Structures are given as structure tokens and as C-alpha cells.
Amino acid sequence: MSSSLFHRAVIGTMPYVPRPLIWRFSRRYIAGTHLQDACKTVEQVNAAGCTGTIDVLGEDSTSEEQVVAAVDLYLQTIREIHSASLDCGVSVKLSEMGLRFSVARCREAMLVLLAAAREHGLFVRIDMEDSSVTSPTLEIYRDFRTQFDNVGIVIQSCLRRSEQDVAELLASGPTDVRLCKGIYVEPEEIAFCDADEIRDSFSELLEQLFAGGARRVGIATHDPILVTRAEDLIGTMGVEKDRYEFQMLLGVAGTLRRKLVAKGHPLRVYVPFGELWYNYSIRRLRENPHIVGHIIKNLFTHH
Ligand SMILES: Cc1cc2nc3c(=O)[nH]c(=O)nc-3n(C[C@H](O)[C@H](O)[C@H](O)COP(=O)(O)OP(=O)(O)OC[C@H]3O[C@@H](n4cnc5c(N)ncnc54)[C@H](O)[C@@H]3O)c2cc1C
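The following block contains the structure:
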């Protein structure tokens with residue numbers, strides 16, 4: 002069996018891996034289960050010369066109670082970031098705010114969060130989820146950016162539609178984008194599936210965003226090839242430091258992160274916390290090139 006087939010076969014067994022084992026392997030990607038854990042991590046991130054963005058873990062809310070709880074925890078997070086004087090914003094998934102069961106409820110929840118964040122001088126990034134919600138997510142961003150200047154969106158370079166989406170965003174108002182490859186598995190009709198195509202799309206979108214006057218671009222990748230291409234582009238286009246930042250996930254590519262900071266690039270670290278860590282962890286573990294061996298080894302040595 003080829004190593005990538007083997008990798009995929011092991012990834013397929015993840016739902017059967019005991020939760021405590023998943024927790025142990027995903028611990029490096031998550032600040033902890035409490036807000037205090039996230040704030041402590043951001044303090045360290047700030048001390049290392051980076052800014053932060055806190056994600057209250059959770060997605061696909063199916064009830065009013067879940068939305069109320071999520072909004073409440075985000076409001077606590079916003080207040081805590083402010084009172085601890087952390088250099089940090091928040092990242093939010095619209096499905097956590099009820100997008101999948103009521104667009105109106107989701108908008109209401111976002112209005113509350115954006116107003117609280119603005120009052121405390123904080124930036125809110127709307128994370129991008131799978132392609133079933135790309136259009137409503139962009140629509141909500143477009144509406145809110147006319148009322149709030151502390152909100153940004155995410156564009157995924159794996160999606161074929163992204164060039165058009167970026168063109169429309171740039172043509173219709175101030176645009177603050179985090180650019181990433183995209184984590185969700187999407188059908189070939191709508192997404193590039195080849196790694197080089199996804200990379201090329203990323204580089205083209207980055208140039209399109211800089212050239213089109215995006216207010217700020219978050220370059221969210223740990224891929225050394227893309228990081229080098231981005232550095233080259235920033236140099237040749239003379240992009241000022243207030244118009245871009247690199248962004249990386251907690252627990253990933255620490256060495257590359259430190260190198261970029263040492264060169265003087267702005268860098269933000271994504272810091273997730275919360276009880277609802279399972280789905281996020283599975284997505285991170287799937288992307289970890291070294292995880293297969295570790296999981297196999299632990300399954301056989303601890304059970
Ligand atoms: C700040 C931030 C925010 C993001 N927000 C979103 C979002 O809103 N929506 C969305 O769809 N996606 C989001 N992503 C995820 C993104 O789409 C990619 O899935 C993820 O970043 C992996 O792609 P990569 O560009 O780092 O390249 P890859 O080729 O996947 O990784 C490059 C190298 O990074 C290292 N690496 C990557 N992942 C791991 C890992 N889990 N463990 C250990 N090493 C690893 C490896 O050395 C790997 O070879 C976000 C990513 C970042 C950094």
C-alpha cells in the first residue's frame with residue numbers, strides 16, 4: 002500500500018479512536034477548555050512578538066440554547082481580552098451562531114458580537130466553513146462591513162469560485178480577508194483537488210487582493226513554499242506592514258513562525274479553546290503529516 006493510501010486508511014479509523022487518545026494528540030492545537038487557558042496562551046503569544054485571535058470552539062449549533070451559550074462565551078472572551086490588555090481579536094464560525102437553522106438568528110447574534118467587539122476595540126474574523134455556507138457567509142460579511150470596520154472574512158484558495166468572490170468583494174467595499182487553502186473536503190466540480198493547483202490559486206488570489214487594494218490580508222498558511230512566494234510578492238509590490246500579516250494555528254510550524262517574526266513580519270496566532278474541541282481536533286490531526294505513526298503506535302501500546 003502506498004504511504005498516502007495508508008495515511009488515508011488510518012485517518013478513516015479516527016472515529017473509532019478513543020476520545021482521550023484524540024485529546025492527547027490534539028492538545029498542542031488547543032489552549033485548553035477554559036477562557037483562562039486561552040488568555041494565558043495569548044499572553045505567551047504576545048510575549049513572543051505575535052498577535053492572537055481566539056476561537057471559542059463550536060460549530061453547527063442546532064438550538065437557540067446553543068447559540069445563547071456561544072454568544073455568552075464570546076462576550077466574556079471579548080471583555081476578558083480587553084481587561085487583560087491582550088493584543089488579540091476573535092474568530093467566529095457563523096454555524097456556531099445558528100446559520101444553519103436561522104439566518105436571521107445568526108445575524109442577530111453577530112450584531113451583538115460585533116457591537117461588543119467594537120466597543121472594546123477588537124477585530125472579529127468570520128471563519129469560512131464548508132461550501133454549503135460560502136454564499137450566505139459572504140453575504141452576511143458584505144452587509145456587516147458597511148456598518149462595522151472591525152470585521153473581516155476568509156477566502157479559501159481551493160474553491161474555484163474564489164477569484165470571482167474576491168473580485169466582487171474588492172469592487173464593492175473595504176475588504177479585509179484571511180486567505181487560506183481551505184480545510185473542508187469539497188467535490189472536484191467546485192474545488193481544486195491537486196496540491197499545486199491549490200497553491201497556485203493561493204498565490205494568484207494573494208496578488209489579486211494586494212493589487213485590488215484590500216485593506217488588509219491575513220496570509221494563513223504553514224506551507225513554506227507559499228510563505229516564500231508571499232514574502233517575494235510583499236517585497237516586489239512594496240506592501241506596507243499594516244496591509245498584511247502572516248497567520249498560523251496554535252501548535253503548528255513553530256520554527257517557521259519564529260523565523261518570520263525575527264524577519265519583522267507581523268504574525269497572528271489562532272488560539273482555539275473550549276469544551277467542544279473534538280471536530281476541530283480531528284481536522285488538525287488529519288493534516289498532521291506525522292500523526293499516522295503516532296496513532297498506530299499508541300493504539301497498540303496502550304490498549
Ligand atoms: C490562522 C488560520 C486560520 C484558518 N482558518 C480557516 C478557515 O476559516 N476556514 C478553512 O477552511 N480553513 C482555515 N484554515 C486552515 C487552512 O485552510 C489549511 O487547511 C491549513 O492551514 C493547512 O494548510 P497549509 O497552507 O498550512 O498547508 P499544508 O500543506 O497543509 O501544511 C504545510 C506544512 O505545515 C505543517 N502542518 C500543517 N498542518 C499541520 C498540523 N495539523 N500538524 C502539524 N503540522 C502541520 C506541516 O509541516 C505541513 O507540511 C486556517 C489556517 C490558519 C493558519
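Using the numbering used here, read the sequence shown as starting at 2 and increasing by one per residue. Even for Gly, the Cβ is constructed at its ideal location relative to N, Cα and C. These numbers were taken from a predicted model, which means no experiment stands behind them.
message = So for Glu97, helix, strand or coil by DSSP?
response = Glu97: coil per DSSP, three-state reduction.
ask   = Grouping DSSP H, G and I as helix and E and B as strand, with all else coil, what is Thr34?
value = If DSSP states are grouped into helix, strand and coil, Thr34 belongs with coil.
ask   = Any idea what DSSP makes of Pro273, helix, strand or coil?
value = The answer is strand: DSSP assigns Pro273 an E or B state.
key: As assigned by DSSP and simplified to three states, the class of Met2   = Any reading at Met2 must be qualified, since the residue scores a pLDDT of 48, below 50, and its modelled position is unreliable; no value is offered.
task = State the beta-bridge partners of Tyr185 as determined by DSSP.
result = Bridge partners of Tyr185 according to DSSP: none are assigned.
inquiry  = Can you check which of these residues, Glu232, Cys194, Asp224, is closest to Phe211 by C-alpha distance?
reply    = Considering only alpha carbons, the answer is Glu232.
message = Below 8 Å, is the gap between the Cβ of Cys194 and the nearest heavy atom of ligand 1?
response = Exclusion of Cys194 from the 8 Å shell around ligand 1 follows from its C-beta lying no nearer than that to any non-hydrogen atom of the ligand.
query = Using DSSP with H/G/I as helix, E/B as strand and the rest coil, what is His304?
reply = Bear in mind that a pLDDT of 44 at His304, under 50, signals an unreliable position, so the number given afterwards is only what the model happens to contain. Here DSSP, grouped into helix, strand and coil, assigns His304 to coil.
request  = Locate the beta strand (DSSP E) running through Ile156, then write down its first and last residues.
outcome  = Run containing Ile156: 152-157, per the beta strand (DSSP E) assignment.
ask   = To the nearest angstrom, how far is it from the Cα of Thr237 to the Cα of Leu207?
value = One C-alpha to the other measures close to 13 Å.
task = Would you mind giving the Cβ-Cβ distance between Leu114 and Val125, rounded to the nearest angstrom? I have them listed as a contact below 8 Å.
result = The C-beta distance from Leu114 to Val125 rounds to 6 Å, short enough to fall under 8 Å.
key: Spatial distance of Gly214 from Arg143 (CA atoms)   = Rounded to whole angstroms, Gly214 to Arg143 spans 16 Å at the Cα level.
key: Spatial neighbours of Ala71 in its chain, beta-carbon cut-off 7 Å, leaving aside the 5 residues before and after   = For Ala71, where only same-chain residues beyond five positions count, the Cβ hits under 7 Å are Val57, Gly59, Ser62, Glu97, Met98.
ask   = For ligand 1, is there a heavy atom less than 8 Å away from the beta-carbon of Ile23?
value = Residue side-chain check: Ile23 keeps its Cβ at 8 Å or more from all non-hydrogen atoms of ligand 1.
inquiry  = Pop quiz: Thr54 and Tyr281 are said to be a contact at Cβ under 8 Å. What is the actual Cβ separation, rounded to whole angstroms?
reply    = Between Tyr281 and Thr54 the Cβ distance is about 14 Å, and since that is not below 8 Å, they are no contact.
query = For Cys194, does the count of other Cβ atoms within 10 angstroms reach 16, so buried, or fall short, so exposed?
reply = It is exposed - the Cβ of Cys194 has fewer than 16 other Cβ atoms within 10 Å.
inquiry  = Any heavy atom of ligand 1 inside 8 Å of the beta-carbon of Tyr279?
reply    = Not so, every heavy atom of ligand 1 lies at least 8 Å from the Cβ.
ask   = When every heavy atom of ligand 1 is checked, does at least one fall within less than 8 Å of the C-beta of Gly252?
value = Within the cutoff, so yes.
Of the residues Pro137, Leu171, Leu160, the one placed nearest Ile191, counting alpha carbons only = Taking only the C-alpha atoms, the option nearest Ile191 is Leu160.
message = Can you tell me where the alpha helix (DSSP H) holding Ala70 begins and where it ends?
response = Unbroken alpha helix (DSSP H) run through Ala70: 65-84.
key: Under the three-state DSSP convention, the category Val240 falls into   = Residue state, collapsed to three classes: coil.
request  = Put Glu190 into one of helix, strand or coil per three-state DSSP.
outcome  = Looking at Glu190 - three-state DSSP - the assignment turns out to be coil, as it is neither helix nor strand.
ask   = Taking the alpha carbon of Arg306 as the point to measure from, which residue in Ala221, Pro21, Cys89 has its own alpha carbon closest?
value = Nothing can be reported for residue 306: it is not among the residues displayed for the chain, which extend from 2 to 304.
ask   = Can you find at least 3 beta carbon pairs, one from the region 76-89 and one from the region 249-258, that sit closer than 8 Å?
value = Between the region 76-89 and the region 249-258 there are fewer than three C-beta pairs closer than 8 Å, too few to call the two in contact.
request  = Enumerate, from N- to C-terminal direction, the unbroken alpha helix (DSSP H) stretches of 4 or more residues contained entirely within the region 197-255.
outcome  = The DSSP assignment places complete alpha helix (DSSP H) segments of no fewer than 4 residues inside the region 197-255 at 225-238, in order along the chain.
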